[in-house]
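In short: position in the sequence shown from 1, add 4, done, that's the working numbering.
From the three backbone atoms N, C-alpha and C, an ideal C-beta is built for every residue, glycine too.
As the structure is a prediction and not an experimental result, all values here were calculated from the model.
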Amino acid sequence: MARVLLLVLALNAARLMAGEVDVDVSPNARKSTAMTSNSVLSKGSFNPWKHGITLPPNAKIMVIPVSDDETSKDGMMDEWQALFVRRRLKLAEREKFDLVVLEIDTYGGQISACESMLRAIESCNVPVIALVRGKAASAGALLAIGCKVIVMQPNSEIGSAKVVGVHRTVFGETFGGDYSTAMRQKHDAFMRAMVRTQCDRNGHPQAIAQAMVDSSIEVIETSDSKQRFMTDEEFELASKRGISMIKKWKLKNQILAMTSQEAVSSGLASGVAANMDEVALGMNAPTAQIVRMEISSSEVAARFLSSPLWRVLAVVLALIALFIEMKSPGHGIGYAGFALCMGVFFWLQIFANNAGIAELVLFGAGSILVAVELFILPTFGSLGFAGMAMVLASIILAFLPEGAVPGLLGWSGKPDGLLMKQIVEGMQWATMALLAIIGFFTFVWWRGIKLPGISRMALNTVNSGSVRSAETPHADRAEARANDLVGRDCVTETVLRPAGKIRLDGKTYDAVSEGGFIEAGSLVRVLRSQGSALVVRKSELQA
């Protein structure tokens, strides 16, 4: 059963790394355009061809909700929501959708999460448009501007995207504060450049978008047929060429926010649609097949377990399972538990966008080397130690964010402030996991229990006589009884891999093979007691 669960986790991890997710194809997920008969829209009214979008009448359209309530973890645009969107965009490419609609309803959130989604949109081979369902505020407005077409629902709003500094957190509540003058100018310049880039790519009015992120500029509607909206600086130059002012859309010391009708009037939005059926009609696809993506059960579980503390706990539980196997070897339950817990660990790290193919390959290769050392080809520790080092390295790297190692090594540029913060936090949790591992092996050594196969990593003196206890005269009776068995021949009850069970005088004892793999039913000789187990090797009387 444990192996089946581990296989399921591995398959889920592979699907996640490939961008694969659960898709809801129920009747509610796919709709026809029956409701569009009463719409005031006409076919193709959003002019999709103007934005380089050509759709067949029965196009496949994917709807991805970007909502504070539905798809975010912290009630705002965050890295978890960015991962949700990126996985769906990959799925849209793989399943050959004709159009993706981001259904935006958010008060904003992390700029880094917004940038992550914008990069995914830019690299996506499927055209992406935005439907503002309620509010596209702050980073939500930036996300909408990053789409080829913006469609507004009635009574929706867009804008107010000025970046705000966050300077402290008290009792779990985050308090915002503005930046210093120099830092404010730096951030405003960066945000203006960001929205200009998106407007150039998607054909949105630059001055309108800049006014949403910078309060220091004015927006003026002009008589220029080529550039309807200008900033105050642009208009000052244009007025010398005879360009006149029609009206001011925004004054200084204000942040621009627009209603749905204002967004359409300014040319930022292509139109208003009440629902996805009307969006499909306006995009010239009246009989489109519409698939709304929901958050999967796997994502819900991973977000619930999103704290790094759960991942450290998975490592600790894996060590406990390994300890159980060492205490009662031969059944394999501990090994299965170890594999299952580590599978959960990497599964959670993949959802957190930390672990990837490299970490999984490193862990798998290390585990194989350790297994070869213990069960197949004893090399006096060389393979075992190399494998354990690879396993430890994979666990440590799994706590670091994607791109951390190339950045630290200078292969992909110096990490920015956010990435360095994530790297420091990851190293803190990796250190905690490493301390747990060191503490585990210290405890095992203190208890006198050795990992199966460790005895092959050093030369040992074989004693054919009785071994007296090195402890106090009041040693445990069970251990004294085990010492009395030294030098006797017995039969293996289970396979020794190298741990297992032997039977002597009608009783079963835990045993560890000194020479590697021994089949069940083999005749072995007891060499000495080791903790709670007996160390054995094949008897010379074995046929």
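For residue i, does the three-state DSSP call read helix, strand or coil?
i	result
residue 523	coil
residue 138	strand
residue 261	strand
residue 116	helix
residue 103	strand
residue 502	coil
residue 513	strand
residue 124	helix
residue 193	helix
residue 532	strand
residue 216	helix
residue 110	strand
residue 151	coil
residue 58	coil
residue 329	helix
residue 80	coil
residue 307	helix
residue 477	Because the pLDDT of residue 477 is 45, which lies under 50, any placement of that residue in the model is unreliable, and the question is left without a value.
residue 223	strand
Would residue i be called buried (16 or more neighbouring beta carbons within 10 Å of its own) or exposed?
i	result
residue 523	exposed
residue 347	buried
residue 398	buried
residue 425	exposed
residue 305	exposed
residue 435	exposed
residue 373	buried
residue 146	buried
residue 495	exposed
residue 245	exposed
residue 73	exposed
residue 112	buried
residue 446	exposed
residue 127	exposed
What are the boundary residues of the alpha helix (DSSP H) that residue i is part of?
i	result
residue 372	361 to 375
residue 84	83 to 98
residue 395	386 to 402
residue 281	280 to 286
residue 50	Here residue 50 belongs to no alpha helix (DSSP H), and DSSP marks it neither H nor E.
To the nearest angstrom, how far is it from the Cα of residue i to the Cα of residue j?
i	j	result
residue 291	residue 248	45 Å
residue 206	residue 431	40 Å
residue 194	residue 402	32 Å
residue 274	residue 438	55 Å
residue 144	residue 369	43 Å
residue 285	residue 96	20 Å
residue 58	residue 117	29 Å
residue 92	residue 392	37 Å
residue 53	residue 217	29 Å
residue 164	residue 256	14 Å
residue 234	residue 48	29 Å
residue 404	residue 129	29 Å
residue 280	residue 367	45 Å
residue 505	residue 542	14 Å
residue 429	residue 89	24 Å
residue 302	residue 525	45 Å
Under DSSP, the beta strand (DSSP E) around residue i begins and ends at which residues?
i	result
residue 293	293 to 296
residue 155	154 to 156
residue 538	537 to 542
residue 161	161 to 163
Check whether the Cβ of residue i lies closer than 8 Å to any Cβ atom in chain B.
i	result
residue 197	The structure shown contains no chain B, having only a single protein chain.
What distance in whole Å lies between the Cβ atoms of residue j and residue i, which are believed to be in contact at a cut-off of 8 Å?
i	j	result
residue 160	residue 137	6 Å
residue 538	residue 513	5 Å
residue 315	residue 258	Between residue 258 and residue 315 the Cβ distance is about 46 Å, and since that is not below 8 Å, they are no contact.
residue 242	residue 228	6 Å
residue 131	residue 100	Contact doesn't hold; Cβ gap of about 13 Å is too wide.
residue 108	residue 87	17 Å between Cβ atoms; not a contact.
residue 239	residue 250	Not really, about 11 Å apart at Cβ, beyond 8 Å.
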